[in-house]
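Down below is the structure, laid out as structure tokens.
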Amino acid sequence: MRLLTHNYLISNVKGTKDGYPLRIEPSEVTVEESPFDQDLVTRILPKLDYAAVKAALSQVVDKVEPKPAEIPESLPDGEIDSPTLEALYHVLFNIHVIEGNLVCPDTGRQFPIKQGIPNMILHEDEI
Amino acid sequence: MASSLQLQGSNNNNNKDERYLVLVEFAYIHLNFQLAELESILDMYGIKLGSSSSSSSSSDCVVIPLPGQQQQQSKPSSQKRRPYVILSFKSKDAARLSAKQKSQEKWDFATTTTTTTKVDVKNAGIVDILSRCALVKSILELWGRGCSIEDCAANTKHWTTDTKIGRSIFQKVAADASQSWKLTIHTLGTKYSREEQENMRQKFSYLGFQGPVRMKEPDNEYVLIREVEMDGKASPLHAVLSAGGGETKSGPENNDDDKFPALGVYFGRKLGGTSKKGRGGLEQYNLKHRVYLGPTSMDAELSFVMTSFGQVQKGSIVFDPFVGTGSILLSCALRGAYCIGSDIDIRVLKGRSQDENIWKNFDQFNLNRPEIVRTDNSIYHRHFRSHRPLYDAIICDPPYGIRAGARKTGSRLETPRQILDEHRHDHIAQTKPYPVSDVMSDLLDVAARTLVMNGRLVYVIPSFKDFNIETDLPRHPCLQLVHSCYQPLSAELGRRIVAMKKVEEYDESRRDNYLTSIWVNGKESAEKCANLRDKILEAAKQKPGYEEKAAIRREKRKAHKHAKKEAKRRSKVDIAS
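These protein sequences, in sequence, are chains A and B. Sequential numbering from 5 applies to the first sequence in the working numbering. Sequential numbering from 286 applies to the second sequence in the working numbering.
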């Protein structure tokens with residue numbers, strides 16, 4: 005699971021008031037380099053919840069080797085310079101949580117991540 | 286009904302002849318999809334295909350009839366599909382369109398669709414554009430055409446001597462003594478003797494190419510194509526036997542002229558084509574080479590055609606809500622897309638083993654792995670926060686209950702049992718059947734919400750012959766129908782690939798209204814794609830010999846089961862001893 009994906013996942017178990025953002029409890033994290041795509045990351049930045057990106061990074065960073073470059077505290081208005089875009093691209097696309105849990109901030113319900121795939125399926129009594 | 290081509294304005298130098306013509310030759314497969322794929326790819330470059338009835342001189346790109354074809358194809362299905370299309374462009378675009386590098390002339394579908402190419406609208410040549418079509422085999426700069434070789438030669442002579450554009454191109458390539466050339470004849474599987482082929486070449490010798498002849502990699506390859514009618518299996522179709530009942534004799538020159546009458550003859554300069562004799566490298570994506578397959582994997586050509594319908598390109602964000610073994614996403618990734626797939630079924634996602642799973646197919650071709658999540662598309666909005674439109678394309682093959690039943694989360698019970706906290710972590714969620722009509726409504730609703738403006742939804746839907754596009758396709762006010770192409774699989778059953786485009790922003794307050802208007806004829810038309818397994822079984826039962834075949838199958842299954850039991854028993858005995 006990449007951090008980009010995490011940015012969109014919620015817990016909407018019956019009775020949950022606010023199940024976003026989910027807290028990542030990683031047990032295994034890998035880094036897979038991929039070619040930097042400036043257009044892609046530029047297009048996607050306005051559609052992200054940036055606070056959740058920063059929170060997600062802080063929750064996984066201990067397990068990330070090598071340590072990723074710093075990303076800004078908040079997204080600057082206007083054009084962003086290339087090194088910052090590269091750092092953002094790396095954090096969003098290259099860090100993969102392979103094993104772990106996503107935890108609902110409201111109810112504590114855990115959604116497991118196995119082999120890089122988060123299991124968001126609700127149980128029949130949660131619908 | 287063959288008549289020689291009426292040359293429009295052949296005696297006066299009028300606008301209709303001052304166009305740059307390109308002959309597109311398609312592979313002889315998926316004929317119903319060819320023009321649609323071409324349209325979608327051209328649209329990616331801002332080129333809208335006009336019909337020949339509109340004012341030809343003002344449109345940027347128009348399809349003109351093939352020799353022998355009627356002006357307007359009013360009933361396209363009644364006319365037999367021919368694997369050629371003539372595109373007519375403005376002559377001022379000729380230089381830009383025909384520009385190409387030597388390295389691009391023979392394209393390998395693999396390399397032209399990898400992650401390195403971006404759509405460059407301003408500078409794209411026709412080879413850049415059309416090499417993205419999985420179904421295109423070659424592209425000719427068309428110099429002349431006709432219903433016979435003589436007509437074609439006359440038409441070519443007219444173009445190269447009487448039109449400004451023809452003369453200028455002729456000067457540039459044919460009159461240049463430094464450019465080597467060769468002339469190839471394509472007779473599409475019909476046979477011609479050496480002398481007869483030489484005769485055909487002679488009809489064009491008036492062109493007087495100045496440069497030297499070179500067989501291997503000449504600067505210019507001229508092509509003469511004699512199109513004949515094909516049978517369903519890409520072989521030339523024999524002409525109808527003469528009234529006397531005897532076979533029509535071959536001509537005295539020992540050629541196939543009479544047995545295979547020409548539908549059209551074309552002469553032109555080759556701009557590019559697929560590199561291998563067959564399919565330009567498409568074979569390497571054939572399912573038989575894949576590491577991981579399932580019963581629902583989609584064949585390679587059709588997957589690529591779906592990506593063309595979806596206008597997938599480098600940097601596109603593509604979502605497949607029924608990803609299964611990932612065969613569609615693989616084609617998207619090969620086009621350079623960032624892929625996200627979801628499925629409710631853990632078995633296909635996990636695969637059969639460490640070496641046979643969805644990741645391995647991507648590793649096999651050196652692609653970035655797609656994002657996979659386990660979610661239920663019927664409750665998309667309960668898995669994903671409401672977000673600004675994100676996907677450039679949603680491309681999928683929804684489960685319609687033939688080989689893979691559709692499921693959604695939830696219990697069949699009114700009040701399901703509460704799951705204890707200590708069991709929560711290991712609990713396997715119950716699922717219940719998910720009617721096809723709901724699968725499609727939810728799909729269209731998710732697409733309307735999450736696609737960017739002009740983004741595309743492409744999906745497969747099975748249908749019987751009694752399917753009516755107007756009333757039986759699901760619809761949504763935010764989505765406009767772009768293509769609907771039918772692939773027959775048997776006499777009664779076929780598959781339709783549908784492409785829709787988002788044209789209106791989703792209005793949350795109208796959600797209920799959207800969902801109720803998806804099926805125009807209500808449940809009745811939704812029924813047509815539901816319960817197909819039962820319908821196929823019913824249809825099969827009507828066929829003669831069904832009972833005998835069913836009995837044979839039962840016997841086989843019994844024998845197989847017995848053999849397995851025996852093998853198990855024997856291995857147990859071996860272990861014991």
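The C-beta atom is built at its ideal place from N, Cα and C for all residues, glycine as well.
Would you identify the three-state DSSP class for residue i, choosing helix, strand or coil?
i, result
"B/T445", "helix"
"B/N806", "coil"
"A/F115", "strand"
"B/E755", "helix"
"B/C418", "coil"
"B/Q772", "strand"
"B/E426", "strand"
"B/K717", "strand"
"B/C681", "strand"
"B/K544", "coil"
"B/Q765", "strand"
"B/G451", "helix"
"B/N642", "coil"
"B/E532", "A caution first: B/E532 carries a pLDDT of 44, below 50, which makes its placement in the model too unreliable to give a value."
"B/R692", "strand"
"B/M500", "coil"
"B/Q293", "Because B/Q293 sits at a pLDDT of 42, beneath the cut-off of 50, its placement in the model cannot be relied upon, and the point is left open."
"B/L327", "helix"
"A/T9", "helix"
"B/W309", "The question names Trp, yet the displayed sequence has Val at residue 309 of chain B. In the structure shown, B/V309 sits in a strand (DSSP, three-state: E or B)."
"B/E851", "helix"
"B/A835", "helix"
"B/F647", "helix"
"B/Y744", "strand"
Straight-line CA distance for residue i to residue j?
i, j, result
"B/T801", "B/I349", "42 Å"
"A/L96", "B/W804", "39 Å"
"B/V788", "A/I99", "35 Å"
"B/I657", "B/D727", "20 Å"
"B/Q715", "B/R692", "10 Å"
"B/V508", "B/V724", "49 Å"
"B/M329", "B/R667", "33 Å"
"B/L351", "B/D630", "49 Å"
"A/Y12", "B/P606", "15 Å"
"A/E74", "A/P39", "19 Å"
"B/L447", "B/K385", "Note on identity: in this sequence residue 447 of chain B is Asp, with Leu being the wrong assignment. Rounded to whole angstroms, B/D447 to B/K385 spans 26 Å at the Cα level."
"B/K846", "B/D859", "20 Å"
"A/T20", "A/A59", "21 Å"
"B/D677", "B/R741", "7 Å"
"B/V421", "A/F115", "46 Å"
"B/D792", "A/M124", "26 Å"
"B/T660", "B/A547", "56 Å"
"B/G474", "B/Q482", "14 Å"
"B/I602", "B/K403", "14 Å"
"B/K826", "B/P759", "30 Å"
"B/K407", "B/V307", "19 Å"
"A/D43", "B/G600", "7 Å"
"B/S856", "B/P655", "41 Å"
"B/Y369", "B/K375", "20 Å"
Please classify residue i as buried or exposed, where buried requires at least 16 other C-beta atoms within 10 Å of its C-beta.
i, result
"B/H768", "buried"
"B/Y491", "exposed"
"B/Q456", "exposed"
"B/T445", "buried"
"B/T441", "buried"
"B/M500", "exposed"
"B/H712", "exposed"
"B/G611", "buried"
"B/N651", "exposed"
"B/P580", "Confidence in B/P580 is poor, its pLDDT being 47 and thus under 50, which makes the residue's placement unreliable; the coordinate value appears in the next sentence. Flag for B/P580 reads exposed."
"B/T694", "buried"
"B/V412", "buried"
Rounded C-beta distance between residue i and residue j? I'm assuming under 8 Å.
i, j, result
"B/F552", "B/W428", "5 Å"
"B/P772", "B/H315", "According to the sequence as given, residue 772 of chain B is Gln; it is not Pro. Right, their Cβ atoms sit about 7 Å apart."
"B/V745", "B/D706", "The pair is not a contact, with the Cβ atoms about 42 Å apart (cut-off 8 Å)."
"B/G549", "B/C418", "21 Å between Cβ atoms; not a contact."
I want to see whether chain D comes within less than 8 Å of residue i, judged by CB atoms only; does it?
i, result
"A/P72", "In summary, chain D is missing from the structure at hand, where the protein chains are A and B."
Task: Ordered list of beta strand (DSSP E) runs contained in the segment 463-491 of chain B, each at least 3 residues - done: 466-471
Task: Inside the segment 27-114 of chain A only - beta strand (DSSP E) runs reaching at least 3 residues - done: 27-35 and 99-107
Task: Ranges of the alpha helix (DSSP H) found wholly within the segment 583-632 of chain B, counting only runs of at least 4 - done: 585-594 and 612-619
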